[in-house]
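Chemist: One structure, pasted below without further comment.
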Amino acid sequence: MMSLPTTRKLALKNKIVFGTGDYWHSPTLTANMGFVRAVSQTGMSLFTFEHRPRALTVPFQLLYPLFCFKLDISSISAMEQLEHFSHNHPLNLVQLQPNHNEEEEEEEDVDDLVVEDHHVGQCNMCEEDIYSFHLCYYTCKNCSYSLHKFCAEIPKTLHDHPLHNPNHNLTLSKGFPDPDLYFSSNKEWTCGLCNHKRNNFFNYHCSICKFNMDIICATMSQQKINHPSHHHQLQRNPKKLVSICNACGREHEGTFYHCTTCYWFWIHQNCALSPTKLLIQQPTNHTLTHAHPLTLTYSFPNIDQKVKFYPKCRICDTGFYIYFWVYRCDKCRYYVHIHCATSKYDQFLRPEPSRI
Numbered sequence: 001m002m003s004l005p006t007t008r009k010l011a012l013k014n015k016i017v018f019g020t021g022d023y024w025h026s027p028t029l030t031a032n033m034g035f036v037r038a039v040s041q042t043g044m045s046l047f048t049f050e051h052r053p054r055a056l057t058v059p060f061q062l063l064y065p066l067f068c069f070k071l072d073i074s075s076i077s078a079m080e081q082l083e084h085f086s087h088n089h090p091l092n093l094v095q096l097q098p099n100h101n102e103e104e105e106e107e108e109d110v111d112d113l114v115v116e117d118h119h120v121g122q123c124n125m126c127e128e129d130i131y132s133f134h135l136c137y138y139t140c141k142n143c144s145y146s147l148h149k150f151c152a153e154i155p156k157t158l159h160d161h162p163l164h165n166p167n168h169n170l171t172l173s174k175g176f177p178d179p180d181l182y183f184s185s186n187k188e189w190t191c192g193l194c195n196h197k198r199n200n201f202f203n204y205h206c207s208i209c210k211f212n213m214d215i216i217c218a219t220m221s222q223q224k225i226n227h228p229s230h231h232h233q234l235q236r237n238p239k240k241l242v243s244i245c246n247a248c249g250r251e252h253e254g255t256f257y258h259c260t261t262c263y264w265f266w267i268h269q270n271c272a273l274s275p276t277k278l279l280i281q282q283p284t285n286h287t288l289t290h291a292h293p294l295t296l297t298y299s300f301p302n303i304d305q306k307v308k309f310y311p312k313c314r315i316c317d318t319g320f321y322i323y324f325w326v327y328r329c330d331k332c333r334y335y336v337h338i339h340c341a342t343s344k345y346d347q348f349l350r351p352e353p354s355r356i
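Have a look at this one:
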């Protein structure tokens, strides 16, 4: 049970903050799953949506649709301290980039060889890195335990989950009370929804029917989403299938979202829930392959392709198709494929060419 003794104001005026697909057409935002309520005293909505998100909506890949909105208010409330079930000590809120000014940053002529200190630490729940563009996170003053704000605020128990028996509750934990849920001696297990193998990863499980799902699938419960890459609502396919993804152009096996209006538009869940902003690094030594955050673009900019004489991916050194998604650097026109940027295998990553 979380304890919320105090709150803290975050100076987030004109900052991008996070939301989910359910909120894309909603006039109000509820304080659910760590998201912000943005409603004035008169009930008027205080946010405006942006078609192309510019900030990471969640701390790690494959969790929520990439929808975010811009607040027109001077500050929002955040819990300054909380008691989290996963740790014995209280966790304190740490605000990142409190004096950040987007306009000044865009005007700065920063050389892309200057290494910027984006990395803050690692989240002990999702085991993904914490970066400065996450705006804030929780950490323990007594030890090195840290959590993304999003991870810290997901509920310990889920009731009436749409992808499971509504009469059964799902409980969040790092292990399983029943050892039969592990399929190997090193405590690997498989998510009951996406079939991804997990190890040392928080999960939601049902003690009644021995069902489990990872926190990614458990919090991504919407059957329909409004994705910024497409102008129609996307429906989650109830069955796993093998198909070509219209986001990356590669063949995937698993869960897909498709457009029931166009029929031709199919995107795999991994691509549909990719972060809108990320930093790529070597999996072995965590060295950044590029100093700046990369922004997800839903088609290759045609004017950039002409100006840059058909640039190649800076990771795999192959070309791009203009209709597929790409990660790009807004400062120095650094381009990578979406699957190369999110891959964690060394063979997909190569160091940047040396410059004299």
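Taken in order, the sequence shown gives residues 1 to 356; the numbers are from full-length UniProt numbering. Each residue gets a CB set at the ideal place from its N, CA and C atoms; glycine is no exception.
1. Between the Cα of S144 and those of L91, L193, G192 and Y131, spot the shortest distance and give me the residue it belongs to.
2. Throw me the rounded Cβ distance for the Q295 and T276 pair, which I believe falls under 8 Å.
3. Output the boundary residues of the beta strand (DSSP E) element that contains H268.
4. Hey, how far is the Cα of Q81 from the Cα of T219?
5. Measuring straight from C-alpha to C-alpha, what distance separates T139 and C126?
6. Please classify Y321 as buried or exposed, where buried requires at least 16 neighbouring CB atoms within 10 angstroms.
7. In this structure, how does DSSP classify E251 when only helix, strand and coil are distinguished?
8. With distances taken from CA atoms, which of L273, P238, A247 and L278 is nearest W266?
9. How is K156 classed by DSSP in three states: helix, strand or coil?
10. Measure from the alpha carbon of E128 to the alpha carbon of each residue in S146, Q95 and K141, then state which is nearest.
11. Does the distance from the C-beta atom of residue 370 to that of T171 stay below 8 Å?
12. Using the Cα positions of K197 and R236, report the straight-line distance between them to the nearest angstrom.
13. Looking only at DSSP bridge pairs, what is W189 linked to?
14. Who are the Cβ neighbours of H337 in its own chain at under 6 Å, not counting the five residues just before and after it?
15. Tell me the rounded alpha-carbon separation between I216 and K187.
16. What are the boundary residues of the beta strand (DSSP E) that T219 is part of?
17. Could you tell me which of H292, L241, C245 and K224 sits nearest to T261, measuring between CA atoms?
18. When the Cα atoms are used, what is the spatial distance from S173 to F150?
19. If you check the beta carbons only, do H339 and R250 fall under 8 Å apart?
20. Taking 8 Å as the cut-off, decide whether the C-beta atoms of C245 and H292 are in contact.
21. Verify whether the separation of the beta carbon atoms of N226 and H252 is less than 8 Å.
22. Compare the C-alpha of N199 against each of S86, I208 and D214 and name the closest.
Modeler: In short:
1. The residue given as residue 144 occupies position 144 in the sequence shown. It is L91 whose Cα lies nearest to the Cα of S144.
2. To locate residue 295, count along the sequence shown from 1; it is residue 295. To locate residue 276, count along the sequence shown from 1; it is residue 276. Per the sequence presented here, residue 295 reads as Thr, with Gln not at that position. Confirmed, Cβ separation roughly 7 Å.
3. In the sequence shown, the residue the question calls residue 268 occupies position 268. That run of the beta strand (DSSP E) goes W266 to H268.
4. Counting from 1 along the sequence shown, the entry for residue 81 is found at position 81. Counting from 1 along the sequence shown, the entry for residue 219 is found at position 219. Each residue's alpha carbon lies about 23 Å from the other.
5. Against the sequence shown, residue 139 aligns to sequence position 139. Against the sequence shown, residue 126 aligns to sequence position 126. Taking the straight line from one Cα to the other gives about 14 Å.
6. As a first step, residue 321 must be located in the sequence shown, where it is residue number 321. It counts as exposed.
7. For the purposes of this step, residue 251 is taken as the residue at position 251 of the sequence shown. Here E251 sits in strand by DSSP.
8. Start at 1 with the first residue of the sequence shown, and residue 266 comes out as number 266. Closest by alpha carbon: A247.
9. Mapped onto the sequence shown, residue 156 falls at position 156. If DSSP states are grouped into helix, strand and coil, K156 belongs with coil.
10. Reading the sequence shown from its first residue, position 128 is the one you call residue 128. Answer by Cα proximity: S146.
11. Nothing can be reported for residue 370: it is not among the residues displayed for the chain, which extend from 1 to 356.
12. In the sequence shown, the residue the question calls residue 197 occupies position 197. In the sequence shown, the residue the question calls residue 236 occupies position 236. In a straight line, the C-alpha of K197 is about 21 Å away from that of R236.
13. Within the sequence shown, the letter at position 189 stands for residue 189. Bridge partners of W189: R198.
14. For the purposes of this step, residue 337 is taken as residue 337 along the sequence shown, with counting starting at 1. Correct list, in chain order: C313.
15. In the sequence shown, counting from the first residue as 1, residue 216 sits at position 216. In the sequence shown, counting from the first residue as 1, residue 187 sits at position 187. The straight-line gap from Cα to Cα measures roughly 19 Å.
16. Taking the sequence shown and counting its residues from 1, one reaches residue 219 at position 219. From DSSP, T219 is part of no beta strand (DSSP E) but of the alpha helix (DSSP H) over I215 to T219.
17. In the sequence shown, the residue the question calls residue 261 occupies position 261. Of H292, L241, C245 and K224, the residue nearest in Cα terms is K224.
18. Numbered from 1 along the sequence shown, position 173 holds the residue referred to as residue 173. Numbered from 1 along the sequence shown, position 150 holds the residue referred to as residue 150. Computed Cα separation, rounded: 16 Å.
19. Residue mapping note: residue 339 aligns to position 339 of the sequence shown, counting from 1. Residue mapping note: residue 250 aligns to position 250 of the sequence shown, counting from 1. A contact, by the Cβ cut-off of 8 Å.
20. As a first step, residue 245 must be located in the sequence shown, where it is residue number 245. As a first step, residue 292 must be located in the sequence shown, where it is residue number 292. For C245 and H292, no; Cβs fall outside 8 Å.
21. On the sequence shown, position 226 is the one that residue 226 refers to. On the sequence shown, position 252 is the one that residue 252 refers to. No; because the gap between Cβ atoms is not below 8 Å, this pair is not in contact.
22. As a position in the sequence shown, residue 199 is number 199, starting the count at 1. The candidate whose alpha carbon is nearest that of N199 is D214.
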